[in-house]
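>
There are 2 protein chains.
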Amino acid sequence: MTIYDVSEKAGVSIATVSRVLNGSDNVSPQTRQKVLDVIEAYDYTPNVFACGLGLNSMNTIGILCADASDLYSANAIYNIEQELHKNNYTCILCCTGYKLADRQKYLNLLVNQKVDSVILVGSTFIYDNEAENEYIREAAKEIPVLMLNADYDCENVYCGLCDDFKSTLQATNFILDKGISDILYLYNSKSYSAMRKLSGYQSALVQRGLPLRMEYMQYFPGNHADLTSVADFLSELDGTLRYGAVIAGDDNLAIGAMKFAQKKGLSIPRDLSIIGCNNSILSRCCEPELTTIDNCLETLCHHIVKTLIGILNNSEMPQKVIFSGELIKRGTTL
Amino acid sequence: MTIYDVSEKAGVSIATVSRVLNGSDNVSPQTRQKVLDVIEAYDYTPNVFACGLGLNSMNTIGILCADASDLYSANAIYNIEQELHKNNYTCILCCTGYKLADRQKYLNLLVNQKVDSVILVGSTFIYDNEAENEYIREAAKEIPVLMLNADYDCENVYCGLCDDFKSTLQATNFILDKGISDILYLYNSKSYSAMRKLSGYQSALVQRGLPLRMEYMQYFPGNHADLTSVADFLSELDGTLRYGAVIAGDDNLAIGAMKFAQKKGLSIPRDLSIIGCNNSILSRCCEPELTTIDNCLETLCHHIVKTLIGILNNSEMPQKVIFSGELIKRGTTL
Numbered sequence: 001m002t003i004y005d006v007s008e009k010a011g012v013s014i015a016t017v018s019r020v021l022n023g024s025d026n027v028s029p030q031t032r033q034k035v036l037d038v039i040e041a042y043d044y045t046p047n048v049f050a051c052g053l054g055l056n057s058m059n060t061i062g063i064l065c066a067d068a069s070d071l072y073s074a075n076a077i078y079n080i081e082q083e084l085h086k087n088n089y090t091c092i093l094c095c096t097g098y099k100l101a102d103r104q105k106y107l108n109l110l111v112n113q114k115v116d117s118v119i120l121v122g123s124t125f126i127y128d129n130e131a132e133n134e135y136i137r138e139a140a141k142e143i144p145v146l147m148l149n150a151d152y153d154c155e156n157v158y159c160g161l162c163d164d165f166k167s168t169l170q171a172t173n174f175i176l177d178k179g180i181s182d183i184l185y186l187y188n189s190k191s192y193s194a195m196r197k198l199s200g201y202q203s204a205l206v207q208r209g210l211p212l213r214m215e216y217m218q219y220f221p222g223n224h225a226d227l228t229s230v231a232d233f234l235s236e237l238d239g240t241l242r243y244g245a246v247i248a249g250d251d252n253l254a255i256g257a258m259k260f261a262q263k264k265g266l267s268i269p270r271d272l273s274i275i276g277c278n279n280s281i282l283s284r285c286c287e288p289e290l291t292t293i294d295n296c297l298e299t300l301c302h303h304i305v306k307t308l309i310g311i312l313n314n315s316e317m318p319q320k321v322i323f324s325g326e327l328i329k330r331g332t333t334l
Numbered sequence: 335m336t337i338y339d340v341s342e343k344a345g346v347s348i349a350t351v352s353r354v355l356n357g358s359d360n361v362s363p364q365t366r367q368k369v370l371d372v373i374e375a376y377d378y379t380p381n382v383f384a385c386g387l388g389l390n391s392m393n394t395i396g397i398l399c400a401d402a403s404d405l406y407s408a409n410a411i412y413n414i415e416q417e418l419h420k421n422n423y424t425c426i427l428c429c430t431g432y433k434l435a436d437r438q439k440y441l442n443l444l445v446n447q448k449v450d451s452v453i454l455v456g457s458t459f460i461y462d463n464e465a466e467n468e469y470i471r472e473a474a475k476e477i478p479v480l481m482l483n484a485d486y487d488c489e490n491v492y493c494g495l496c497d498d499f500k501s502t503l504q505a506t507n508f509i510l511d512k513g514i515s516d517i518l519y520l521y522n523s524k525s526y527s528a529m530r531k532l533s534g535y536q537s538a539l540v541q542r543g544l545p546l547r548m549e550y551m552q553y554f555p556g557n558h559a560d561l562t563s564v565a566d567f568l569s570e571l572d573g574t575l576r577y578g579a580v581i582a583g584d585d586n587l588a589i590g591a592m593k594f595a596q597k598k599g600l601s602i603p604r605d606l607s608i609i610g611c612n613n614s615i616l617s618r619c620c621e622p623e624l625t626t627i628d629n630c631l632e633t634l635c636h637h638i639v640k641t642l643i644g645i646l647n648n649s650e651m652p653q654k655v656i657f658s659g660e661l662i663k664r665g666t667t668l
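Just so you know, the sequences run in chain order A and B. For the first sequence, the numbering used here begins at 1 and goes up steadily by one. For the second sequence, the numbering used here begins at 335 and goes up steadily by one.
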C-alpha cells in the first residue's frame, strides 16, 4: 500500500494525505477522518521520508567524513551516532573521500534529501582557498552545518574544536624540558588541524629561542595505515638528520617511527623519545606504550550533538567552542 | 520550491509531477513538457526521496552494524560504502548496538523508509533462538537482505562468508606442527562466526587425538578495546594453566595476551606463540608483529556489493558464497 492508494481510496489528493500524516491544520476534520479511516482499514505504514516531504523534517542528520576506516573518524562516527540516537535522530553517513567535487555532490544530496542538519567530521572539509568553501556556505543557507574539529566562520555554521595548537605546544615543551632540543616533527595531512599542530611545535621552539629548521618538519602524506612505509621514509632520512625525539601528528606515524627505531636498534625512550597524537587504541598496542595527545574526541562529539539538538529546538547556541587536549604520558618518553 | 509548488504552477497533480520526475511512461507528452518547463523555469531540484516515492526506489542502501568503532566493522563499512558509491547508491548507516529490540527498531525504520536493500555487518545479527531472527525474515519479505560474514537460510537473504572454521583449524594445526599441544583459546563473542572459530580450534585437537579441556577455552567478553583487562584476565589464570601458545578470536585479545607475556617476562615466540584474527592494523603495531588470520574482509565486501547490484538488476545471484581466510605468519610464532 502506498500513499497513492490511500489518496485514491479516501478520494482525496496526495497532498491532503501528506498534510494529514504531517498533522497540518490545513485539513477539514471530515477529510482528516476519511484519510485516517483508510490508513487504519488498510494498516498503512507511511514512508517516513514521504512524511518528511511536507514537514521539512524527517529527523535525520547527515554525517560526512573523508574515510570511515580512519580510526579518528570511526570513533567520531560511533560517538555521534550513539548520541543522536538517544535523541531519536537517524543518521545518513557519507564517506566522501578528499575531493571537493565529491564532497559537493554528497552535501547537495543531503540538503536535497531535506536532512535536518549535517555534521562534517574533521578539518579537511575546509579548504585554504576560500572559494572552495562555497559548498559549505551554500549548505548553511539551507540547514545548520556542524563541524567537528574544524574552524570556519559563517552564519549557521557551528564548530566544536580541540585546541591542537596548545596541546602540541605542550607536548613539545615536555620534550624540551627533558633537555632534548633536536625534535623531528612528522605530519601526514595539511588540514587546518594538522597545520595548527605544526604551528604549536614551531611556537614552542621559537619561544625558547631555538631555530626553526625546515628539514626537521617532515611531511609524509602516505596511506595512514601503512606503518612500514613510515619506517622506510625515516630510514631514507637517516644519516642526514640527528634527533633525540619524534613528535607526530598522528599515532600511526609515531608507531611507524617506533618501527624505524626498533629496526635500527635504538632504545626507546633512552635513545629516542616519541610522542603521537589521538590517543587511539594503536598507542596501547605497541611496546613500550606510546605517549600521545588525547584530543578529547568523545567530549567534542557530545558537544556537537548537544549543540545540534539545541539549534533544532531553536535555542541560542555558541557558534564556536574550543576544548583543551591533554598529554597522556606513557613509555615512549623519559 | 517544493514538489507542491511545481504541481500548482504546472496545473497538474503531485502524482503527475512525481511520475515525470521518475521517468514514468504514464504521462502524456504535453503534460510532461508542462512539468519540465516549470522545473526549468524555477530551477527546481527534486527531493531525492520524493522522487523515490513513486518508484519504490530511492537508490539508498541501509547498513546496520553493531558498533562502528570496532575495527572490523569500520573497515567493512568503509569498503562497502566505497563500492556502493561507485554504483551510484547512497548509504544510511545505523549503529544498532547488540540488543534485539534496537535492531528491530532500526530495521523497521529502514524498511519503512523504502531503502532498496539492507546489509547487516557481522554474524551477531543472527540469534541462536530462531524466534529472535523473525525481524530478519520480516525484512526479507520486503527487500533483499545481505549479510556480511553471517550464515542464515531464508528466501531473499544473501550471505557472503569467510570460512572461519577452516582458517582457525589451519592456525591451530600450524601451532601443533611446531610440537606445541597446550594451546589456550581466547574468545570474546558468542556470535556464529566466533563459534565457528572455536569449533575449528577444537577440531584440530580432536583430529590429532588430543583431549578437549574446557579450561583451555576461555571466554572473555570485556570491552574489545581494553587491552589491559585482557592482560589482567590472563594474570588471574596464571598458575592454574600451562600453555605454550595462545590463539585468539580477535587481534585485540591476542595483543592483550602479548601485554601479559611482556609483563611476566616471557619471550615471544620462544616461550609463548600467539596468533590473532582479523589482520587489523593492530597486528602490525605490536613488537614482534602479530601472526594473524586474514579473513578476507575486502573480498567479502566487494562480493556483497556485487551481489546486491545483481539482485537489484534482477539477475540470478547465489544465496551463499564462502571464501577462505589465510594465516599471515609474522613474529609471534616460531
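Quick reminder that beta carbons are idealized off the backbone N, C-alpha and C, glycines included.
Using a C-beta cutoff of 7 Å, does C635 (chain B) count as contacting chain A?
no
> How long is the line joining the alpha carbons of L546 (chain B) and L227 (chain A), rounded to whole angstroms?
39 Å
> Does any residue of chain B have a CB that is nearer than 7 Å to the CB of Y78 (chain A)?
yes
> Would you kindly work out how many angstroms separate the C-alpha atoms of V111 (chain A) and I92 (chain A), rounded to a whole number?
12 Å
> Consult DSSP for F220 (chain A) and reduce its assignment to one of helix, strand or coil.
coil
> Using the beta-carbon of each residue, which ones in chain B are nearer than 9 Å to C95 (chain A)?
I411, Y412, E415, Q416, H419, C425
> What would DSSP say about A245 (chain A), mapped onto helix, strand or coil?
Of the three classes helix, strand and coil, the one that applies to A245 (chain A) here is strand, per DSSP.
> Going by the CB atoms, is the gap between A257 (chain A) and I274 (chain A) shorter than 7 Å?
yes
> Can you list, in chain order, the residues of its chain whose CB lies under 8 Å from that of N421 (chain B), leaving out five sequence neighbours each side?
V639, I643
> Is E130 (chain A) close to chain B, meaning its C-beta is less than 7 Å from at least one C-beta of that chain?
no
> For chain B, check one thing: does any of its Cβ atoms lie closer than 7 Å to the Cβ of S57 (chain A)?
Its pLDDT being 46, under 50, S57 (chain A) is placed unreliably by the model, and nothing is read from it.
> Is the separation between the beta-carbon of L148 (chain A) and that of V121 (chain A) shorter than 7 Å?
yes
> DSSP state of G534 (chain B), grouped into three classes?
helix
> Helix, strand or coil for L148 (chain A) per DSSP?
Three-state result, L148 (chain A): strand.
> Which residues of chain A have a Cβ atom closer than 7 Å to the Cβ of S403 (chain B), listed in chain order?
A74, N75, Y78
> Quick one: residues in its chain with C-beta nearer than 7 Å to the C-beta of L387 (chain B), no 5 flanking neighbours on either side, listed in chain order?
Since pLDDT at L387 (chain B) reaches only 38, below the 50 mark, its modelled position is unreliable, and no value is offered.
> Return the CA-CA distance between E8 (chain A) and Q364 (chain B), expressed in angstroms with no decimal places.
24 Å
> Determine the chain B residues that contact C285 (chain A) at a beta-carbon separation under 8 Å, and present them in chain order.
Chain-ordered, the chain B residues with CB closer than 8 Å to the CB of C285 (chain A) read L561, I589, L616, C619, C620.
> May I ask which residues mark the beginning and end of the alpha helix (DSSP H) holding T365 (chain B)?
363-375
> Could you tell me which chain A residues have their CB closer than 7 Å to the CB of Q364 (chain B), listed as they occur along the chain?
Per Cβ cutoff of 7 Å: no residues; Q364 (chain B) is ~21 Å from chain A at best.
> Would C385 (chain B) count as contacting chain A if we go by Cβ distances under 7 Å?
Low confidence applies here, because C385 (chain B) scores a pLDDT of 40, under 50, leaving its location unreliable and the question unanswered by this model.
> Which residues does DSSP list as the beta-bridge partners of C399 (chain B)?
B:C429, B:V455
> Relative to the alpha-carbon of G244 (chain A), which residue among A:L253, A:A231, A:A261, A:F233 has its alpha-carbon at the smallest distance?
A:A261
> How about I268 (chain A): is its C-beta nearer than 7 Å to some C-beta of chain B?
no
> Distance, Cα to Cα, E489 (chain B) vs I470 (chain B)?
10 Å
> Enumerate in chain order the residues of its own chain whose CB-to-CB distance from K512 (chain B) is below 6 Å, with the five nearest sequence positions on each side excluded.
L668
> Can you grab the Cα-Cα spacing for the pair A528 (chain B) / N360 (chain B), in whole Å?
52 Å
> Under 7 Å, Cβ to Cβ, is there at least one residue of chain B near A139 (chain A)?
no
> Any heavy atom of the ligand FAD closer than 6 Å to the Cβ of H636 (chain B)?
This structure does not include the ligand FAD; it has no bound ligands of any sort.
> Can you find a CB in chain B that lies within less than 7 Å of the CB of A15 (chain A)?
Yes, A15 (chain A) counts as interfacial toward chain B.
> Would you give the residue range spanned by the beta strand (DSSP E) that T291 (chain A) belongs to?
291-294
> Going by DSSP, what residue range makes up the beta strand (DSSP E) through I275 (chain A)?
273-277
> When the distance is taken between beta carbons, is G325 (chain A) closer than 7 Å to I293 (chain A)?
yes
> Closest to D341 (chain A) by C-alpha separation, out of B:Q416, B:Q541, B:S525, would be which residue?
Chain A is shown only over 1 to 334; residue 341 (chain A) falls outside these bounds and no answer can be derived.
> Counting only beta-carbon separations shorter than 7 Å, does Q319 (chain A) have a partner in chain B?
no
> Please list the partners that Q262 (chain A) has in chain B, where partner means a Cβ-to-Cβ separation under 8 Å.
E621
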